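Enquirer: Going left to right, the sequence shown walks through residues 0 to 428 as numbering that gives the first Met the number 0 numbers them. Sending over a structure as structure tokens; questions will come in a sec.
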Amino acid sequence: MHKFIASIKKEFLLLLRDPGGMIILFVMPIVLVLTITLIQDATFKSISSSTIEILLVDNDKGKLSDEIQKSFTEIDFLDPISVIDGVPLTETKASQLVASGAYQLAVVIPDRLSNDLEKQININITKILEEFSGEEDSLKIDMIKEKVSGKTVKLYFDPITQETFRNSVIFAVDKLIAKIETKSIYEVFEKELGESEGLKSFNRDHFVTYQQINPSLSGESIVPNSVQHNIPAWTLFAIFFMILPLSLNVVHEKRQGTFVRLETTPIRYATIIAGKAFLFLLVSVLQFTLILLLGIFVFPKLGLPILEIDNNLGLLYLVALSSGLASIGLGILLGTVFHTHEQAAPFGAVLIVLLAAIGGVWVPVFAMPETMQVIAKLSPMNWGLEAFYDCFLRKGSIIDILPEIGLLIGFFISTIVIAILYYEKKKTI
Numbered sequence: 000m001h002k003f004i005a006s007i008k009k010e011f012l013l014l015l016r017d018p019g020g021m022i023i024l025f026v027m028p029i030v031l032v033l034t035i036t037l038i039q040d041a042t043f044k045s046i047s048s049s050t051i052e053i054l055l056v057d058n059d060k061g062k063l064s065d066e067i068q069k070s071f072t073e074i075d076f077l078d079p080i081s082v083i084d085g086v087p088l089t090e091t092k093a094s095q096l097v098a099s100g101a102y103q104l105a106v107v108i109p110d111r112l113s114n115d116l117e118k119q120i121n122i123n124i125t126k127i128l129e130e131f132s133g134e135e136d137s138l139k140i141d142m143i144k145e146k147v148s149g150k151t152v153k154l155y156f157d158p159i160t161q162e163t164f165r166n167s168v169i170f171a172v173d174k175l176i177a178k179i180e181t182k183s184i185y186e187v188f189e190k191e192l193g194e195s196e197g198l199k200s201f202n203r204d205h206f207v208t209y210q211q212i213n214p215s216l217s218g219e220s221i222v223p224n225s226v227q228h229n230i231p232a233w234t235l236f237a238i239f240f241m242i243l244p245l246s247l248n249v250v251h252e253k254r255q256g257t258f259v260r261l262e263t264t265p266i267r268y269a270t271i272i273a274g275k276a277f278l279f280l281l282v283s284v285l286q287f288t289l290i291l292l293l294g295i296f297v298f299p300k301l302g303l304p305i306l307e308i309d310n311n312l313g314l315l316y317l318v319a320l321s322s323g324l325a326s327i328g329l330g331i332l333l334g335t336v337f338h339t340h341e342q343a344a345p346f347g348a349v350l351i352v353l354l355a356a357i358g359g360v361w362v363p364v365f366a367m368p369e370t371m372q373v374i375a376k377l378s379p380m381n382w383g384l385e386a387f388y389d390c391f392l393r394k395g396s397i398i399d400i401l402p403e404i405g406l407l408i409g410f411f412i413s414t415i416v417i418a419i420l421y422y423e424k425k426k427t428i
């Protein structure tokens, strides 16, 4: 037992003498979580809290374009601009402003949109009424035969705008045009049928409405926020970043000859790495605790949502411990296999980024191609992330996170066994 304690003491002293490693382990996670959460918080807030200025070019100048402009002002996240420096916008000018990055979006209403839409609606309704009444009116028949070409509302997007923003704008514009078109149809029907009280009593309110529900494993409805999304993902990234200082620690000891001196003493390699694993496991717990305190006490002072833990604190620490073990196992394996800092440092850094990318830390797994969704299941970061989400967002129980916990601990055991076998084999060569 004293050998194990001595090994822990040695690792503790080595860590204290490595200021760069201390920064990576404790300062970097706090800065990372704080920065990413501040940046992404706007995407989780109510869309009405942020307004985007857009350019609106009105080539129609009719009743319909007036309705469109009025409706645009009622869309919370869009602020339409039709005049700049006292000069009405043209399509060419709007295109140039969007291309330069000054604005993210320009909407161009085509010429004669109001007249042609009204004409097309009249044609359609006249055709319907003629078929129902069985009466023929030569003037109306000629009007039905008249062709009206379709109109195109152009949307100029800044190339840097994300696909989600493009889709939300297109959906909003499409819904807006459909609403105005439906209103126009009702008005033409009223005009054709006369002052019919029955028609005026039609209920034009939306019959189908939508209610957003976020179910959880506990049965309660949850409204997720940026903190609950970002803290699990980037805490996990920070925990796995232990791979870098840990693997370099092992490589450093091999290059200094520390392992050679230890081999002259009655101590096994398993005891040496057990000391490293124990100390870095404490580091992972301390990392996680600092980030939890950050989410509870610091984030609200910065205008961010508070981190809600509820009664899942024990489960959260269980996930953090399991993730820490998986990270430790991989770090020790890399340190055992590689012989120089030049080998371990770049490989470890790239591996961490790769595991985060395919594990869903940066891009949600459901948004990945089908092949990548399968590959994501092989990343230990994905196991830890899903377990954290089960606790933070889905309010799951220990039964719900047991599969991921088992995978993380199994990964730790496998990497440690491989590291020991590799070391023992290299020692006999």
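Just so it is clear, CB atoms sit at the ideal spot from N, CA and C, and this is done for glycine as well. From a predicted model like this one, the values you see are computed outputs, not experimental measurements.
Taking CB distances under 8 Å as the criterion, tell me whether P18 reaches chain B.
Expert: In summary, chain B is missing from the structure at hand, where a single protein chain is found.
Enquirer: Go ahead and label T335 buried or exposed: buried means 16 or more other beta carbons lie within 10 angstroms of its beta carbon, across all protein chains shown.
Expert: buried
Enquirer: Can you tell me whether T234 is buried or exposed, with buried defined as 16 or more other CB within 10 angstroms of its CB?
Expert: buried
Enquirer: To which residues of the same chain is I374 closer than 8 Å at the C-beta, ignoring the five residues directly before and after it?
Expert: I357
Enquirer: What does the Cβ neighbour count give for S47, buried or exposed, with the cut at 16 atoms within 10 Å?
Expert: The predicted position of S47 is uncertain, since its pLDDT is 44 and thus under 50; no value can be drawn from it.
Enquirer: What residue range is occupied by the uninterrupted beta strand (DSSP E) comprising L77?
Expert: L77 to I80
Enquirer: Sorted by chain position, which residues of the same chain lie with C-beta nearer than 6 Å to E196's C-beta, five sequence neighbours on each side aside?
Expert: For E196, the predicted model reports a pLDDT of 49, less than 50, meaning its position is unreliable; a value from the coordinates is still stated below. None.
Enquirer: For L278 and L14, which I take to be in contact (beta-carbon distance under 8 Å), what is that distance rounded to the nearest angstrom?
Expert: Between L278 and L14, the beta carbon gap of about 7 Å places them in contact (Cβ cut-off 8 Å).
Enquirer: Give every residue of the same chain whose Cβ lies closer than 7 Å to the Cβ of S45, excluding the five residues on either side of it in the sequence, and list them in chain order.
Expert: The predicted model places S45 with a pLDDT of 46, which falls under 50 and marks its position as unreliable; any figure quoted below should be read in that light. Contacts found: none.
Enquirer: Please classify V416 as buried or exposed, where buried requires at least 16 neighbouring CB atoms within 10 angstroms.
Expert: exposed
Enquirer: For K62, collect the residues of the same chain with a Cβ closer than 6 Å to its Cβ; drop the 5 residues on either side in sequence, then sort them by chain order.
Expert: S113
Enquirer: Taking the runs of the alpha helix (DSSP H) that are 4 residues or longer, which of them lie wholly in the stretch 306 to 385?
Expert: Here the runs fully enclosed are 312 to 336, 340 to 358 and 369 to 375.
Enquirer: Among G149, A276 and V284, which one has its Cα closest to the Cα of E117?
Expert: G149
Enquirer: From this set, T414, Q95, E66 and P379, which residue's C-alpha is nearest L354's C-alpha?
Expert: P379
Enquirer: Determine, using beta-carbon pairs with one atom in the stretch 152 to 168 and one in the stretch 93 to 110, whether at least three such pairs fall under 8 Å.
Expert: yes
Enquirer: Please list, in chain order, all residues of the same chain as V295 whose beta carbon is under 6 Å from its beta carbon, the five residues on each side excluded.
Expert: Reading off the sequence, residue 295 comes out as Ile, not Val. Setting aside the 5 residues that flank it on each side, I295 is surrounded in the same chain by L306, each with a C-beta closer than 6 Å to its C-beta; the list follows chain order.
Enquirer: Distance check for G20 and T163, CA to CA, integer angstroms please.
Expert: 39 Å
Enquirer: With a Cβ-Cβ cutoff of 8 Å, do L281 and G347 count as a contact?
Expert: no
Enquirer: If you reduce the DSSP assignment to three classes, tell me which class I398 lands in.
Expert: helix
Enquirer: Please check the pair N166 and I35, which I expect to be a contact at CB under 8 Å, by giving their CB distance rounded to whole angstroms.
Expert: Contact doesn't hold; Cβ gap of about 24 Å is too wide.
Enquirer: Between the Cα of V152 and those of T160, D173 and Q161, spot the shortest distance and give me the residue it belongs to.
Expert: D173
Enquirer: How is the beta strand (DSSP E) around K60 delimited, first residue to last?
Expert: Unbroken run through K60: none, as it is neither H nor E.
Enquirer: Short of 6 Å in beta carbon distance, which residues of its chain neighbour T411, apart from the five on each side in sequence? Order them along the chain.
Expert: It is Phe, not Thr, that sits at residue 411 in the sequence shown. Once the five neighbours on either side are set aside, the close Cβ partners of F411 are L324, A325 and G328.
Enquirer: Would you kindly report the start and end of the unbroken alpha helix (DSSP H) that includes F156?
Expert: Note, F156: premise wrong, no alpha helix (DSSP H); beta strand (DSSP E) at K153 to F156.
Enquirer: Please report how far the alpha carbon of A418 lies from the alpha carbon of L289, in whole angstroms.
Expert: 31 Å
Enquirer: Here's a check: name, in chain order, each residue in its chain whose Cβ is nearer than 6 Å to the Cβ of I184, leaving out the five neighbours to either side.
Expert: Exclusion of the five residues before and after I184 leaves I120 as the residues of its chain whose Cβ lies within less than 6 Å of its Cβ.
Enquirer: Exposed or buried, what is I38 when buried is set at 16 or more other beta-carbons lying within 10 Å of its beta-carbon?
Expert: exposed
Enquirer: What residue range is occupied by the uninterrupted alpha helix (DSSP H) comprising A276?
Expert: Y268 to L292
Enquirer: Mind checking who L54 pairs with in its DSSP beta bridge?
Expert: I80 and A105
Enquirer: Assuming G359 and L384 make a contact with CB atoms under 8 Å, what is their CB distance in whole Å?
Expert: At roughly 5 Å, the Cβ-Cβ gap stays under 8 Å, so G359 and L384 are in contact.
Enquirer: Just the C-alpha distance for I80 and L175, rounded to the nearest angstrom, thanks.
Expert: 17 Å
Enquirer: Alpha carbon to alpha carbon, how far is I51 from I7?
Expert: 55 Å
Enquirer: Is the Cβ-Cβ distance between I238 and E66 less than 8 Å?
Expert: no
Enquirer: Fully enclosed by the stretch 1 to 29, which alpha helix (DSSP H) runs are 4 residues long or longer?
Expert: Runs of the alpha helix (DSSP H) inside the stretch 1 to 29: 1 to 15 and 18 to 21.
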